[in-house]
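Trainee: Take the sequence shown: its letters are residues 34 to 206, numbered as in my numbering.
First the structure, then my questions, so here it is.
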Amino acid sequence: MEMPDSLRTLVNHYGRVPHFKRTWEAPGEKVRELQRVEGGNIGGVGLIWNRTGQVLLLRHGLGSGWGREWVTPGGGALPGESPEETFLREVGEEVNLRVRILDLTRTFDLTVTDGCNAAQGFLFQFEAEALSEEAVPGMGIEAVRWFDALPGSMAFREDYVEAFRRRKPTFDP
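Put into structure tokens, the structure is as follows:
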């Protein structure tokens, strides 16, 4: 899938970043939901750092499909929303935190499939700094926690190791 010019402009703003192709398996209901999204499937996620060098992760409530894994804040765009706007909105909704985006660290060309049907999209991975200190779980969020290191029970952990290591060179994944 070709990245639209508006998204390519965003990538150019931050400079060249690694770009990956990914396929994620999801239930048919989720694939059909993504196929109906107006304006394409775009998402924004990312690591949020506090002043003491910790990163914020959250755990979704039971029944969300995420299981017991820790994840970074983020999610899918609303119609007309940029990846940056999406990330900032999702952070506010999920953890009630104000952040400043520092960098774009990766982009993903995604295929979400149930094995028969598929939806295409793009995901943008950011790094941000917390402008407020107290994170509070939003609706559907079971827990929010600051971590000194990336936990083993983190979803997509390997996608964040490089960004984490830039800030903490002694980190041993």
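We treat Cβ as the ideally placed atom computed from N, Cα and C, and that holds for glycine.
Throw me the rounded Cβ distance for the L121 and V50 pair, which I believe falls under 8 Å.
Mentor: Actually they do not touch by this definition, with Cβ atoms about 18 Å apart.
Trainee: Using the three-state DSSP reduction, which class does V10 fall into: helix, strand or coil?
Mentor: Nothing can be reported for residue 10: it is not among the residues displayed for the chain, which extend from 34 to 206.
Trainee: Mapping the DSSP letters down to three states, classify T119 as helix, strand or coil.
Mentor: In the structure shown, the three-state DSSP call for T119 is helix.
Trainee: Pairing CB atoms from the region 151-162 with CB atoms from the region 95-102, are three or more of them under 8 Å?
Mentor: no
Trainee: DSSP on L67, reduced to helix/strand/coil?
Mentor: In the structure shown, L67 sits in a helix (DSSP, three-state: H, G or I).
Trainee: Helix, strand or coil for D181? Go by DSSP, reduced to three states.
Mentor: coil
Trainee: Given this structure, state the Cα-to-Cα distance separating F159 from L90, to the nearest angstrom.
Mentor: About 14 Å.
Trainee: Using only CA atoms, which one of K201, D142, A188, V194 lies nearest to R92?
Mentor: If we check each option's Cα against that of R92, A188 comes out closest.
Trainee: From W57 to V88, what does the alpha carbon distance come to, in whole angstroms?
Mentor: Computed Cα separation, rounded: 25 Å.
Trainee: How should E167 be labelled, buried or exposed, when 16 other C-beta atoms within 10 angstroms of its C-beta is the threshold for buried?
Mentor: exposed
Trainee: Rounded to whole angstroms, what's the CA-CA distance from V132 to L111? Just pull it up for me.
Mentor: 19 Å
Trainee: Flag this pair as yes or no: are the beta carbons of I20 and G109 separated by less than 9 Å?
Mentor: Because residue 20 is not part of the residues shown, which for the chain are 34 to 206, the question remains open.
Trainee: Secondary structure at G173, three-state DSSP: helix, strand or coil?
Mentor: coil
Trainee: For the ligand FMN, any of its heavy atoms closer than 8 Å to the Cβ of P60?
Mentor: As presented, the structure is devoid of all ligands, the ligand FMN included, so that no description of it is given.
Trainee: Around the Cβ of P60, are there at least 16 other Cβ atoms within 10 angstroms (buried) or fewer (exposed)?
Mentor: By the C-beta density criterion, P60 is exposed, having fewer than 16 other C-beta atoms within 10 angstroms.
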